[in-house]
Amino acid sequence: MVEPILYSAFGFLLATLLWLLFLPAFWRRAVRLTRARMIDSLPVSADVIVASQDRLRAEHAVAMRAAERRAELAVGGLDTARLAAARARAAELGQRADIEDLRAKVAALEAEDARMRRAVGTAMEGEKRSAEVVLAAETARDQLVAELKASKAQAETSRLAAEQARIEAATLKSQIAKLEARGVPTTADNDGPPNPMASLFKRAPERAGA
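Just so you know, we're using the UniProt record's numbering here: the sequence shown kicks off at 1 and counts up by one.
In structure tokens form, the structure reads like this:
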């Protein structure tokens, strides 16, 4: 039971001793490699050092110029923004003035529209009255035309009656002339009956006069 523990402890101590023996060699190799890398990274001459400094100065100058350029662009953008804002303000003021002018024009147009509406209403009332007058005149004209037609018809009827009476009178005259030619008396005696031909002869002029 004790022997395995002793062997294990002896092996551990032996391994530690060997590691301590080879540790300086590993350390020296690591130092050598690190030194070689540092030497390789360092410049090997003054020209290389000057060139490196010039490169650093150039990079710094380029960076400064880029920063100045960005600052100039920012300032220019700010000026442009201010100019655009001023133009927008002027345009806004102009638009407000145009809006006020348009409002005034709209108010004037509304007033003109109201006036025109009143004028149209008055004209429509006058037209309505004129239409009523025209309608009354047309009605009166139609009545006059109807009366004129009736008068013409009555005159035509009277003319036809007169013409018929003249024809009858002429016929009666011719009959009386024939009777007189035959010796038939045309007038009634004082004691005798009335002659019908004489009465017809008397009525004929009366019809003609009517």
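Every residue, glycine too, gets a C-beta built ideally from N, C-alpha and C.
All figures in this text were calculated on a predicted structure; none of them were measured in a lab.
Length of the line joining the Cα atoms of residue i and residue j
i	j	result
L18	V2	24 Å
E59	E68	14 Å
F26	L6	30 Å
R35	A71	45 Å
A86	G77	14 Å
S199	E180	With a pLDDT of 49 at S199, under the threshold of 50, the modelled position of this residue cannot be trusted, and the question is left open.
E156	R118	55 Å
E112	V120	12 Å
S174	T139	52 Å
A188	L148	In this prediction, A188 has a pLDDT of 42, which is less than 50 and means its spatial position is unreliable; what the coordinates show is noted afterwards. Near 46 Å, if we compare the C-alpha coordinates of L148 and A188.
L81	A66	According to the sequence displayed, residue 81 carries Ala and not Leu. Between A81 and A66, the C-alpha separation is close to 22 Å.
D40	V50	17 Å
P24	D54	43 Å
A30	T16	20 Å
A150	A136	21 Å
residue 256	I176	The structure shown has nothing for residue 256, since the chain only spans 1 to 210.
R28	L21	13 Å
K105	I99	10 Å
A162	L144	26 Å
A63	R57	10 Å
L73	A88	22 Å
residue 211	E110	Beyond the ends of the chain as shown, which are 1 and 210, falls residue 211; an answer cannot be given.
Near the ligand ADP: residue i beta-carbon under 7 Å from a heavy atom
i	result
F10	You won't find the ligand ADP in this model; it holds no ligand whatsoever.
What are the complete beta strand (DSSP E) segments, minimum 3 residues, inside the region 40 to 116? none
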